[in-house]
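A.B. asks: For the sequence shown, my numbering assigns the number 3 to the initial residue and increments by one for each residue that follows.
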Amino acid sequence: MALMRLFAACVAVLLAIAGYTSAQAQSQDTPATAAFIVDLSSGAILLDKNGDRPMPPASMSKLMTLNMVFEALERGLISMDDKFRTSSRAAAMGGSKMFIRDGELVSIRDLVRGVIVQSGNDSAVALAEALSGTEEAFADLMTQRAQELGMTRSTFVNSTGWPADGHVMSPRDLATLATRLIVDFPEHYTMFAETEFTWDNIEQANRNPLLGLGVGADGLKTGHTEESGYGLVASAKRGQRRVVLVITGLESKAERRHEAERLINWAFRAFETRRLFTAGEELVEAPVWIGETPTVMLAPARDVTVTAPFGTLDSAEVKVHFEGPVPAPIAEGQQIGRIEVLVPDVDPISIPLLAAHDVGEGSFITRVKAAGTLLLSELIP
3 MALMRLFAAC VAVLLAIAGY TSAQAQSQDT PATAAFIVDL SSGAILLDKN GDRPMPPASM
63 SKLMTLNMVF EALERGLISM DDKFRTSSRA AAMGGSKMFI RDGELVSIRD LVRGVIVQSG
123 NDSAVALAEA LSGTEEAFAD LMTQRAQELG MTRSTFVNST GWPADGHVMS PRDLATLATR
183 LIVDFPEHYT MFAETEFTWD NIEQANRNPL LGLGVGADGL KTGHTEESGY GLVASAKRGQ
243 RRVVLVITGL ESKAERRHEA ERLINWAFRA FETRRLFTAG EELVEAPVWI GETPTVMLAP
303 ARDVTVTAPF GTLDSAEVKV HFEGPVPAPI AEGQQIGRIE VLVPDVDPIS IPLLAAHDVG
363 EGSFITRVKA AGTLLLSELI P
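1) With distance defined between alpha-carbon atoms, name the residue in 202, 223, 36 and 203 nearest to residue 212.
2) Extract the residue ranges of the alpha helix (DSSP H) inside the segment 99 to 135, only unbroken runs of 4 or more that lie entirely within it.
3) Which residue's Cα is closest to the Cα of residue 35: 49, 163, 142 and 270?
4) Kindly indicate which residue of 290, 221 and 312 has the alpha-carbon position closest to the one of residue 359.
5) Among 42, 137, 38 and 95, whose alpha-carbon lies nearest the alpha-carbon of residue 241?
6) Secondary structure at residue 162, three-state DSSP: helix, strand or coil?
7) What is the rounded straight-line gap between the Cα of residue 363 and the Cα of residue 325?
8) Please check the pair residue 151 and residue 178, which I expect to be a contact at CB under 8 Å, by giving their CB distance rounded to whole angstroms.
9) Would you say residue 215 touches the ligand NAP, meaning its beta carbon is less than 7 Å from a heavy atom?
10) Out of 55, 305, 99 and 292, which has the shortest C-alpha to C-alpha gap to residue 201?
11) Have a look at the DSSP bridge pairing and note the partners of residue 292.
12) Using DSSP's beta-bridge definition, name the partner residues of residue 343.
13) Pick out the complete beta strand (DSSP E) segments inside the segment 142 to 190, 3 residues or longer, and give them in chain order.
14) Between the Cα of residue 254 and those of 236, 267, 278 and 226, spot the shortest distance and give me the residue it belongs to.
15) Suppose contacts are defined by Cβ-Cβ distances below 8 Å. Is residue 168 in contact with residue 154 by that definition?
16) Compute the beta-carbon to beta-carbon distance between residue 356 and residue 318, rounded to the nearest angstrom, for a pair I have assumed lies under 8 Å.
17) For residue 337, which beta-bridge partners are listed by DSSP?
18) Between the C-alpha atoms of residue 80 and residue 278, what's the straight-line distance to the nearest angstrom?
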């Protein structure tokens, strides 16, 4: 079995990719209690300060309320034009308000805009009651759904983010939620860019301080309570890049606006994102053992996109790992190995490599030749 032992060692093929390398993400001081920035194109985390710490999210937790509404719309349980009669409990909510009145009929569309643009506590409660009957039942469903979506450090007691014992989210969970709203509900996400909304002749401006500053911002949600300080979940897009920012624990609206703008600009200017390989792109040949063809082409299972600091993209170390020869038959899409992108001082990026096509078993003659080769290798030391 000398020949098989010879090929069974892990094969590492170095691919030279001019213009690509990576370095450890730059550290960035911030007065925020917690800050988390992710590049959506690559999934790279650009800044993580207390990203996994559960903390009061204030009105930023209304994003989960909106997620529940968008899911109900997607399933056809409600429509944007459906109208619900508001309760005295919803109308009596304090804090930021849409100013709905007890007993009036309001459409889901208007309630959603009241949450997004005006951060209405009253409209959030009205949506919760419309979907679940009571806010308490709705909050239980929010928590359950958050766990299903992988937001394991989130627990909801209400639909608004009003201060309550046990009502917490982590910055990472907020970034995960924002990403879901952007990627999975693009038809509704456009409402986050609306700069104003008028209800009952009361015009209110969107509370997102980044809109209109020319930084590419197009959503999502502010938050503030005495306990949590001033916070913001924001997203901005420039060209093909999109980043999501979460900050909380700031001392004033002015500090929130300044720090959010500064960090968004830093994320775009200090880093760049490039696609190295495309899903299905044939990258390397692997030898096949007793197949109808001597090799099989391997391709990445998904796009390989890397975010790295500017000024460090002169070269990249990209390795392909597989054990060969690969015994036939081989099915298209079968995982054969993996591609690894090595970024200095950062966890390696590893993507499965799949067979790009079928390879059937070889003919009788092919098998005889392979057996002869194997026997010869055993006889000759």
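A virtual CB, placed ideally from N, CA and C, is assigned to each residue, including glycine. Just so it is clear, the structure is predicted and the values come from calculations on it, not from any experiment.
C.D. replies: The relevant details are as follows:
1) 223
2) Those alpha helix (DSSP H) runs which fall completely within the segment 99 to 135 and span 4+ residues are 110 to 118 and 123 to 134.
3) Nearest option by C-alpha distance: 49.
4) 290
5) 42
6) coil
7) So the alpha carbons of these two residues sit roughly 18 Å apart.
8) Between residue 178 and residue 151 the Cβ distance is about 7 Å, and since that is below 8 Å, they are a contact.
9) By its list of ligands, the structure shown contains no ligand whatsoever, and the ligand NAP lies outside what it can speak to.
10) 99
11) Paired residue(s): none; residue 292 is not in a bridge.
12) Per the DSSP secondary-structure output, residue 343 pairs in a beta bridge with 320 and 351.
13) none
14) Ranking the options by Cα distance to residue 254, first place goes to 226.
15) no
16) The C-beta distance from residue 356 to residue 318 rounds to 21 Å, too long to meet the 8 Å contact threshold.
17) 356
18) 42 Å
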